[in-house]
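In structure tokens:
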């Protein structure tokens, strides 16, 4: 189910959260909204879910205009950064919530659900808990789960109603580094299994690159670039994207990836003289900090093999030259 | 560490002199003439009627104030409207008003002779002042803020994420309220209800003004205590007071059972 | 809002309205009668004493309950709320049992001004304790330890570190206690009585005027009492905020 966002703007008082944003999200894709905090990415996600109403522009989901629809009627799954677990319900009840209320709409709230329906829901909940590896936790309360488990419960709850799109707001933001790594890989596999159109928000470029097929870079309420991880890294549309998706270093007043600089021991055409200040051995990677002839500081990323071969020492004079020309236009 | 014991002694001593010993003595005085006499004193028709009337106050005022309290708290926390701050301030007003003033205020609106609306109600055959409805109004007035005050902080604390999650899962406003919001705030509301009940049970001043104090008719348990005492029936006064004190202790117990749960949630 | 109006707002408006029934002069005459002045003076002075005493003892009790360990502490802790739970008339009777004519220890303060103060102390006891307790619980012990490591003695730590952090709560609790004290009625009925110029508090003056059908005087003093309560709550709220300004 594709999502089409057409020139959406959203203001909070004087603050412009989204400024005329248009975006297509392909059916079945896995998309990351990447950017610094306050860049508008969470607002965009909440506009898609219907949790915020745009000031102007439209949102359509699966070809249907959803701009005026309340969140209840959009059939989207939303996973909140802090999980929004229903604390007073067991894991199973949390996951079953969306299904239960569908079986018992408003006016039948006090009626008992039919036996067959209860069994149907239970079966579906079991299936989902297996999917998120929480089988055996059905009767626990959210307070008895770890952060990663709560996050997976929230995901199962969102998936239970078979949403047309799955939206995740900083899904791993509140977790510690190891759990985060695990869950990233797991989300990717889950997407391969379930294949629901998925959009997630993150401020972590590594996370976006590792998980997403398509990355949307948002800054100051505007889309800076849309592309695959590789495109973003290798052909950044501007300085901001270049800086945001990877390390940068300066050479002759231009931004450049620090691994795109060759260190030469002899003077060369187009190479600049520099003195080595420090050589930092970080395992496979070796980081060399230098001072250029004009007094500017810069740094170059190289490998252990190369550094050993060149026998770089502090205080030595070397020449620096860009090796490939992957510099923003 | 001598100062530690001095502080402890001072604090506990103050409490004992002001609170502990006097309360214990009430029990002592009530059973001075034996348990039989105390029992007889609280089972006279007047005493029974007084407790019945107090029960009526509680059973009407508490549910009404609970419903109002939860709605007002929802409005104050979740909604943005003109006058929200005003509502927030006005809700506390009954805390700042003397019970006697409450009684007088009701008298001036609903009293037959002095009230703005009293004559109209009298023409409809409804007597409010010097009768049960007025006393219920007085009880509602003084116990109005408790549920609101106890519900607002828990409502703030649970935030809106759970409610938004329910909305994205397809729940309408009523479903969200009954399945998500209410269960999440239930301990706060319950605590407010306990406080409301305690106040409704124990109100004296406001009810006193609007009751007319007709023994066996418009006399609540607290008025009954005063009445007995003024008539030098000390056993009767102390015995009824003990019943009220026991109810207060039950309230305290309920408060203590509810409080830790609230903290843990 | 309609509910609030029927139960509380319209009646209070009626009080305000009726107090000026005979114009501003009528209002002034009512509140400046010697009896009314004496009642208001007694109420305000007694309330002030009570706020100060319970401010000190309330803080002390909160301190002991939070920082001290002794058997039965949790029982004492839950008993603090008893004055809130106990009907006020029972509170009066309670004090009368120990400090009345039949006092087992021979102290009889019944129908004196001391009794007024005692009854008010009783009913307002929990306010300061309950306001200070949570703040004390949350207070960062490392702050005190830092002060000690810098050479501050325990009295200095309390005065310079702990007390400033508790002040907003003490003031807020005191404000609530004050508002409660100036309106108190039930607990005074049995122990303090209703002797004009002696133990007649403002609420009793109002009550007597209602009984003797002097509605304007009753309403006028009510308005003064209401205004005093609101002004005091505002002042205490402002003081408490001022004391908190370092946290902004």
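Residue numbers (our numbering), protein chains in the order written: chain R, 5 to 333; chain G, 14 to 278; chain A, 979 to 1226.
Using N, Cα and C, we set each Cβ at its ideal position, and we do this for glycine too.
All values derive from a computational prediction rather than experimental measurement.
Asked, Found
"Distance CB(residue 1115 of chain A)-CB(residue 1140 of chain A) smaller than 9 Å", "no"
"Beta-carbon proximity list for residue 74 of chain G, same chain, < 8 Å, skipping 5 on both sides", "149, 152, 153, 156, 209, 213"
"Amino acids of chain G, ordered along the chain, whose beta-carbon sits closer than 9 Å to that of residue 1211 of chain A", "105, 108, 109"
"Residue 111 of chain R versus residue 194 of chain G: straight-line alpha-carbon distance, rounded", "Low local confidence applies: a pLDDT of 48 at residue 111 of chain R is under 50, so the model's placement there is unreliable, and no value is given."
"Counted within 10 angstroms of its Cβ, other Cβ atoms place residue 333 of chain R as buried (16 or more) or exposed", "Bear in mind that the predicted position of residue 333 of chain R carries a pLDDT of just 41, short of 50, making it unreliable; the figure below should be weighed with that in mind. The residue is exposed, with fewer than 16 neighbouring Cβ atoms inside 10 Å."
"Delimiting residues of the beta strand (DSSP E) encompassing residue 278 of chain R", "276-286"
"Under 9 Å between C-beta atoms of residue 1207 of chain A and residue 1028 of chain A", "no"
"Proximity below 9 Å, CB of residue 38 of chain G to CB of residue 1076 of chain A", "yes"
"Contact the segment 159-177 of chain R vs the segment 95-110 of chain R: 3+ CB pairs below 8 Å", "yes"
"Within-9 Å CB hit, residue 91 of chain R to chain G", "yes"
"Rounded Cβ spacing between residue 155 of chain R and residue 179 of chain R (contact assumed at less than 8 Å)", "7 Å"
"Nonlocal neighbours in the same chain, by C-beta distance under 7 Å from residue 1181 of chain A, ignoring five residues either side", "1161, 1162, 1163"
"DSSP three-state assignment for residue 15 of chain R, whether helix, strand or coil", "strand"
"Contact list for residue 174 of chain G against chain R, beta-carbon separation under 7 Å", "84, 86, 88"
"Outcome for residue 18 of chain R when other beta-carbon atoms lying within 10 angstroms are tallied against a minimum of 16", "exposed"
"Contacts that residue 162 of chain G makes with chain A (C-beta to C-beta distance below 7 Å)", "Those do not exist, as residue 162 of chain G stays about 11 Å from chain A at its closest Cβ, beyond 7 Å."
"Beta-ladder partner(s) of residue 301 of chain R, from DSSP", "R:295"
"Contacting residues, own chain, Cβ-Cβ under 8 Å from residue 1004 of chain A (five flanking each side not counted)", "998, 1194, 1198"
"Residue 192 of chain G at chain R interface by Cβ criterion, 9 Å", "yes"
"Cβ contact check for the segment 36-49 of chain R and the segment 8-28 of chain R: 3 or more pairs under 8 Å", "yes"
"Residues that residue 80 of chain R contacts on chain G, provided the C-beta gap is smaller than 9 Å", "181"
"Continuous alpha helix (DSSP H) stretch holding residue 1009 of chain A: start and end", "1001-1009"
"Chain G contacts from the segment 1178-1196 of chain A (Cβ-Cβ distance under 7 Å)", "1181, 1184, 1185, 1188, 1193, 1196"
"Cβ-Cβ separation, residue 170 of chain R to residue 200 of chain R (assumed contact under 8 Å), whole Å", "5 Å"
"Under 7 Å (Cβ pairs) to chain A, residues found in the segment 141-171 of chain G", "150, 153, 154, 157"
"Three-way DSSP call (helix, strand, coil) for residue 194 of chain G in this model", "helix"
"Beta strand (DSSP E) segment containing residue 253 of chain R, residue limits", "253-255"
"Cutoff 9 Å: residue 77 of chain R Cβ touching any chain G Cβ", "yes"
"Min CB distance residue 110 of chain R to chain G below 9 Å", "Interpretation of residue 110 of chain R is limited by its pLDDT of 48, a score under 50 that renders its predicted location unreliable; no figure is taken from the coordinates."
"Residue 234 of chain R: first and last residue of the uninterrupted beta strand (DSSP E) it sits in", "From DSSP, residue 234 of chain R is part of no beta strand (DSSP E) but of the alpha helix (DSSP H) over 233-238."
"Candidates R:9, R:296, R:224, of which the one nearest residue 277 of chain R by Cα", "R:296"
"Segments assigned alpha helix (DSSP H), at least 4 residues, entirely inside the segment 201-249 of chain G", "218-224, 234-243"
"C-beta neighbour in chain R for residue 184 of chain G, strict 9 Å", "yes"
"Three-state class that DSSP yields for residue 1176 of chain A in the structure shown", "coil"
"Endpoints, beta strand (DSSP E) assigned at residue 154 of chain G", "Taken as a continuous stretch (DSSP letters only), residue 154 of chain G belongs to no beta strand (DSSP E), being part of the alpha helix (DSSP H) at 145-155."
"Host alpha helix (DSSP H) of residue 119 of chain R (start-end)", "119-135"
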